[in-house]
Amino acid sequence: MTDNTTHNNTEAKYAPAASPIATAPIQTSTQGITAHETTVPSRGDSMPAYVAAPEHADGPLPIVIVVQEVFGVHEHIRDICHRLAREGYLAVAPELYFRQGDASDFDDIQSLLTGLVAKVPDSQVLADLDHVASWAGRNGGDTTRLMITGFCWGGRITWLYAAHNPQLKAAVAWYGRLTGDKTLNSPQPPVDVATQLSAPVLGLYGAQDTSIPQESVETMRQALRAANARAEIVVYPDAGHAFNADYRPSYHQASAEDGWQRMLEWFARYGKSR
1 MTDNTTHNNT EAKYAPAASP IATAPIQTST QGITAHETTV PSRGDSMPAY VAAPEHADGP
61 LPIVIVVQEV FGVHEHIRDI CHRLAREGYL AVAPELYFRQ GDASDFDDIQ SLLTGLVAKV
121 PDSQVLADLD HVASWAGRNG GDTTRLMITG FCWGGRITWL YAAHNPQLKA AVAWYGRLTG
181 DKTLNSPQPP VDVATQLSAP VLGLYGAQDT SIPQESVETM RQALRAANAR AEIVVYPDAG
241 HAFNADYRPS YHQASAEDGW QRMLEWFARY GKSR
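Just so we're aligned, residue 1 is where the sequence shown starts under UniProt numbering, counting upward by one.
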């Protein structure tokens, strides 16, 4: 009975569409950091967000905006914020679907994609992220050291934001779609903005990812080379999609751990220093 209760409580922390959930996903200690829910003013609305930071900061902190997976800001994204806070960052994960709905209301990925995610305009997301950056600067962060990382849906947004905000210092995109059909809400895939990147971008991808073919990764590489962009794409041969999602069967520990270290090194090289 005790085991079932613990497992159910764990399940409840994650979006239902992400099931099945691993029995022991990574849970980062919050000792030495502060972490809580908050709201960010954006375009006349109060956008829910999760924020984590070191308890004792000596001056404004470097900022990392954490862009959610397709599943929204659930436990995995909150834990990513904890991990970044323990590395000395002010980490903020905004609920970027909040105007259109709640990812936790959907039981499967397909209904989540069609019933919610497809309704969220890129233009709205990029504007909301600008407000997150401004909010972070007023709440303990240093906007001259602004960075972003995102996963899955958020990986694609990370590429777009690196072309949108000229104040951004560094970006790390985890398995975000690079090409694809254009819609009214998503008019530009990342490959179309390769010439507009204003911040160095590190892309982390899995060779076994059936949703992001290697042909599209190579197309992006060619576009980045043609644009002489400050960007690097790393492909892990044994990893599939969502290889950093330690709460899902897709988790590939060796690739995830290497990707995390590469991300920290990228941020330290391009964005963390004053």
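Cβ atoms here follow ideal geometry from the backbone N, Cα and C, with glycine treated the same way. From a predicted model like this one, the values you see are computed outputs, not experimental measurements.
Just curious, the alpha helix (DSSP H) that residue i is in, first and last residue?
i	result
Asp122	122 to 138
Leu264	253 to 267
Gln100	Looking at the DSSP string, Gln100 is not in any alpha helix (DSSP H), and its letter there is neither H nor E.
Ala226	214 to 226
residue 283	There is no way to answer for residue 283, as the model of the chain reaches only from 1 to 274.
Thinking just about the alpha-carbon of each residue, which of the options is nearest to the one in residue i?
i	options	result
Pro189	Leu160, Thr195, Ala170	Leu160
Phe243	Ala229, Asp258, Ala231, Tyr89	Asp258
Gly141	Val51, Ala194, Pro200, Phe106	Val51
Pro193	Cys152, Asp238, Ala223	The question names Pro, but residue 193 in the sequence shown is Val. That would be Ala223, whose Cα lies nearest to the Cα of Val193.
Ala93	Asp130, Asn185, Glu215	Asp130
Met263	Val234, Ala239, His241, Asp246	Val234
Pro166	Arg225, Gly101, Trp153, Ala133	Ala133
Gln100	Asp45, Glu55, Thr179	Asp45
Ser255	Phe151, Asp238, Arg138	Asp238
Arg145	Gly115, Pro187, Arg269, Leu96	Arg269
Ala171	Ala162, Leu178, Arg177	Ala162
Thr195	Thr210, Leu178, Asn228	Asn228
Asp108	Tyr251, Ser250, His74, Ala15	Ala15
His56	Leu126, Ala85, Ile77	Ala85
Pro20	Ala245, Gln253, Gly271	Ala245
Lys13	His74, Val70, Pro54	His74
Ser216	Thr179, Tyr236, Thr210	Thr179
In the structure shown, what three-state DSSP assignment does residue i receive?
i	result
Phe151	strand
Tyr175	coil
Arg145	strand
Ala93	strand
Ala17	helix
Ala35	strand
Ala242	coil
Ala22	coil
Asp3	Confidence is the limiting factor: at Asp3 the pLDDT is only 32, short of 50, which leaves the residue's position unreliable and the question unanswerable from this model.
Tyr270	helix
Can you grab the Cα-Cα spacing for the pair residue i / residue j, in whole Å?
i	j	result
Thr143	Pro62	7 angstroms
Arg248	Asp181	27 angstroms
Val191	Ala173	13 angstroms
Gly32	Ser42	30 angstroms
Phe106	Leu113	9 angstroms
Gln124	Ile26	32 angstroms
Ser154	Asp58	Inspection of the sequence shows that residue 154 is occupied by Gly rather than by Ser. One C-alpha to the other measures close to 30 angstroms.
Pro60	Glu37	20 angstroms
Leu204	Ala22	22 angstroms
Arg230	Trp266	11 angstroms
Glu168	Ala24	According to the sequence provided, residue 168 is Leu. The question's Glu does not apply to it. Looking at the two C-alpha atoms, the distance is approximately 35 angstroms.
Ile148	Ile65	5 angstroms
Met104	Gln214	Checking the sequence, you will find Ser at residue 104 rather than Met. For Ser104 and Gln214, the distance between alpha carbons rounds to 31 angstroms.
How is the beta strand (DSSP E) around residue i delimited, first residue to last?
i	result
Ile233	231 to 236
Leu202	201 to 206
Does any heavy atom of the ligand ZN sit closer than 7 angstroms to the C-beta of residue i?
i	result
Gly150	The ligand ZN is not part of the structure shown, which contains no ligands of any sort.
Inset, instruction - Only counting runs of 4 or more residues, tell me where the alpha helix (DSSP H) segments fall wholly within the stretch 42 to 90, in order along the chain. - result: 75 to 86
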